[in-house]
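> Residue numbering for the sequence shown follows the working numbering, starting at 195 and increasing by one per position.
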Amino acid sequence: MYLELDGNGPLYAQLTRALKAAILAGRVAAGSRLPATRVLAREMELSRNTVLAAYEQLHAEGFLLGKVGSGSYVASIEAARATRPVARVAPATPVARYAKRAREVFDRIIPGRQYKGLRFNLQYGLPLTNPALTSAWRRSLAQASAHAELDYPDPQGLLALRTQVCDYLARRRGIVAAPEDVLIVSGTQQAFFLAATVIIEPGESVVLEDPHYRGARQVFQAHGAKVEVAGVDGDGLITDALPARGTRLVVVTPSHQFPAGAVMSLARRLELLDYAARQRCWIMEDDYDGEFRYDAHPLAAMQSLDRHGRVIYIGSFSKTLFPSLRLGYMVLPPGLRQAFVAAKWFCDRGCPAIEQAALARFMGDGGFERHLRDAAKTLKQRRNAMLAGLRRYAGGAVEVADSHAGMHLVAWLPGVSRAQCEKLITLAAERGLGLYSIHPYFLGRAPREGLLLGYASLPPADIEAAMRVFGACLADLGMARRPGTAAAA
């Protein structure tokens with residue numbers, strides 16, 4: 195008797211489903227006698243108890259009839275057919291407007307991740323691999339697990355972690371905050387989601403830098419906000435381009451504009467704070483990689499200049515440690531604390547307590563800042579390798595916007611069309627190199643073509659090899675001289 199098990203769940207359940215399917219499909223006719231349990235067990239290489247359990251289940255459901263001394267027979271198929279699953283077209287499901295908007299933007303959130311298997315992947319956001327960090331984190335996690343409280347955690351975050359965050363921000367970012375000002379969140383993305391929930395009504399205006407982090411834009415679009423943009427230049431957000439009225443929230447990356455790289459000047463920071471006070475709107479300061487500066491000490495956060503309580507400061511451990519940790523933090527103005535904590539509780543009742551405790555321990559014993567110092571040295575080496583490789587192999591084909599910070603570079607491609615840029619990306623992928631256009635980071639069309647080049651995940655030797663492939667692709671498409679020829683950056 196031919197039966198095919200589906201591999202899902204206990205063997206008796208798989209056999210039950212296989213026999214039921216055979217009966218419903220008519221492969222075993224009504225009134226037919228099934229093989230004896232010993233025989234079927236031998237044929238299927240199963241235990242007899244497994245076959246017995248399947249037969250008993252089918253007897254209980256009415257698919258089989260038992261005859262004393264004779265065996266098991268298939269029951270009248272008409273009664274059984276009534277239980278056969280019928281393929282049907284799913285009806286149109288009414289969903290909320292939020293769900294429709296979310297569905298429209300969701301599938302465009304992470305383009306390019308299909309290139310994960312490439313030898314040289316310059317995808318921004320891939321983590322810096324550090325075996326020492328892995329070992330230290332494993333120890334902290336084991337210690338935290340041994341002493342974990344098993345009840346629900348405080349939705350605002352463990353006090354121990356919020357205290358460590360305050361201490362760290364005071365020393366490294368110039369922010370004076372108390373633990374009650376801090377909310378622990380599941381990364382920057384949840385911070386944006388909570389801000390949209392707490393602050394924005396559908397139709398209200400949110401202003402983003404252009405270019406900007408797509409994840410923020412899509413959160414606010416899904417929420418129904420009116421997303422507007424203001425351009426950036428060498429001094430960061432152009433404050434003169436902000437709307438004259440009606441703004442509810444301005445989202446900025448002043449310490450290292452994402453992705454263009456500019457540092458927002460002091461004058462612009464003060465102008466933006468003035469604007470928020472006049473408009474009675476909020477500023478969301480996304481300090482996504484402010485820890486990594488290679489020409490000077492980390493800059494003080496814009497929040498440290500806020501005298502009107504208008505700045506919501508967000509930081510993340512995704513870049514400083516690793517993305518899978520899914521922990522970040524917000525420093526909230528007093529008037530917003532209660533609403534944000536309530537929204538966080540409604541969302542997930544709080545971040546995982548064991549990971550929070552492990553991170554608090556890791557920060558408290560100095561491991562976090564030791565890691566930051568080591569990571570900064572490694573990232574500087576990789577940044578220098580990329581800059582040297584671009585000079586050597588890309589020549590005059592690219593213009594590099596170097597802000598001496600972060601985990602990526604932007605390489606602009608003067609005179610290159612959108613179609614040519616796509617050809618370059620496709621050819622590079624065929625040769626094992628992952629390149630990514632800066633175009634998706636603009637709300638509309640980018641003013642010129644460029645590439646966002648992440649270097650955190652590759653050692654210097656691989657970065658040099660990647661730049662060699664990049665140069666060869668440029669040359670083969672007629673965009674630069676052949677690799678190896680000298681050219682000024």
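Quick reminder that beta carbons are idealized off the backbone N, C-alpha and C, glycines included. All values reported here derive from a predicted model rather than from experimental measurement.
For residue 331, which residues does DSSP report across the bridge?
BP columns for residue 331 are empty, so no partner.
> Confirm, please, whether the CB-CB distance from residue 619 to residue 629 is below 8 Å.
Going by C-beta atoms, residue 629 is nearer than 8 Å to residue 619.
> Count the other CB atoms within 10 Å of the CB of residue 254; is the residue buried (16 or more) or exposed (fewer)?
That one is exposed.
> Is it the case that the Cβ atoms of residue 556 and residue 334 are separated by a distance below 8 Å?
Cβ atoms of residue 556 and residue 334: closer than 8 Å.
> Residue ranges of each beta strand (DSSP E) run of no fewer than 3 residues wholly in the segment 589-676, ordered along the chain?
The qualifying runs are 593-595, 602-606, 644-648.
> Which same chain residues, not among the five before or five after residue 228, have their C-beta less than 6 Å away from its C-beta?
Closer than 6 Å at Cβ, skipping near neighbours: 266.
> Return the Cβ separation of residue 457 and residue 425 in integer angstroms, given the expectation that the two are a contact with Cβ distance under 8 Å.
At roughly 16 Å, the Cβ-Cβ gap does not stay under 8 Å, so residue 457 and residue 425 are not in contact.
> Just grab the DSSP bridge partners of residue 524 for me.
Paired residues: 377, 508.
> Quick one: Cα of residue 588 to Cα of residue 674, how far?
Distance between the alpha carbons of residue 588 and residue 674: 7 Å.
> Quick check: the segment 400-411 against the segment 556-575, are at least 3 beta-carbon pairs closer than 8 Å?
At 8 Å Cβ cutoff, the stretches do not touch.
> Just to confirm, are residue 508 and residue 524 a CB contact at a threshold of 8 Å?
Yes, the Cβ-Cβ distance between residue 508 and residue 524 is below 8 Å.
> Roughly how many angstroms lie between the CA atoms of residue 372 and residue 379, to the nearest whole one?
Using only the alpha carbons, I get a separation of about 17 Å.
> Rounded to a whole number of angstroms, what is the C-alpha to C-alpha distance between residue 399 and residue 206?
So the two alpha carbons sit approximately 59 Å from each other.
> Helix, strand or coil for residue 399? Go by DSSP, reduced to three states.
Three-state DSSP puts residue 399 in a strand.
> Between the C-alpha atoms of residue 682 and residue 545, what's the straight-line distance to the nearest angstrom?
For residue 682, the predicted model reports a pLDDT of 34, less than 50, meaning its position is unreliable and no value from the coordinates is stated.
> For residue 420, which residues does DSSP report across the bridge?
Bridge partners of residue 420: 399.
> Looking at the structure shown, is residue 217 part of a helix, part of a strand, or coil, going by DSSP?
It is helical.
> Please confirm whether residue 577 and residue 649 have their CB atoms less than 8 Å apart.
Yes, Cβ-Cβ distance for residue 577 and residue 649 is below 8 Å.
> Put residue 443 into one of helix, strand or coil per three-state DSSP.
Correct three-state label for residue 443: strand.
> Give me the Cα-Cα distance between residue 611 and residue 330, rounded to the nearest whole angstrom.
Their backbone Cα atoms lie some 47 Å apart in a straight line.
> How far does the alpha helix (DSSP H) with residue 465 in it reach, from first residue to last?
Per DSSP, residue 465 belongs to the alpha helix (DSSP H) from 460-473.
> Comparing alpha-carbon positions, which option in 440, 554, 395, 362 lies nearest residue 485?
Nearest C-alpha to residue 485: 362.
> Which value, in whole angstroms, describes the spacing of the CA atoms of residue 499 and residue 510?
Their Cα atoms are separated by approximately 21 Å.
> Would you kindly work out how many angstroms separate the C-alpha atoms of residue 350 and residue 460, rounded to a whole number?
Cα to Cα, the separation comes out at about 32 Å.
> Indicate whether residue 604 and residue 454 have their beta-carbon atoms separated by less than 8 Å.
Result yes, Cβ atoms of residue 604 and residue 454 sit closer than 8 Å.
> If I measure Cβ to Cβ from residue 259 and keep anything under 6 Å in the same chain, skipping five residues before and after, which residues do I get?
Cβ neighbours of residue 259 beyond the five flanking positions: 267, 269.
> Would you mind giving the Cβ-Cβ distance between residue 327 and residue 565, rounded to the nearest angstrom? I have them listed as a contact below 8 Å.
The pair is a contact, with the Cβ atoms about 5 Å apart (cut-off 8 Å).
> Can you check whether the CB of residue 601 is closer than 8 Å to the CB of residue 483?
Going by C-beta atoms, residue 483 is nearer than 8 Å to residue 601.
> Please classify residue 287 as buried or exposed, where buried requires at least 16 other C-beta atoms within 10 Å of its C-beta.
With fewer than 16 other Cβ atoms within 10 Å, it is exposed.
> Identify the residues that DSSP records as bridge partners of residue 392: which are they?
For residue 392, which the question treats as bridged, DSSP gives no partner whatsoever.
> Rounded to whole angstroms, what is the Cα-Cα separation between residue 388 and residue 520?
Distance between the alpha carbons of residue 388 and residue 520 is about 15 Å.
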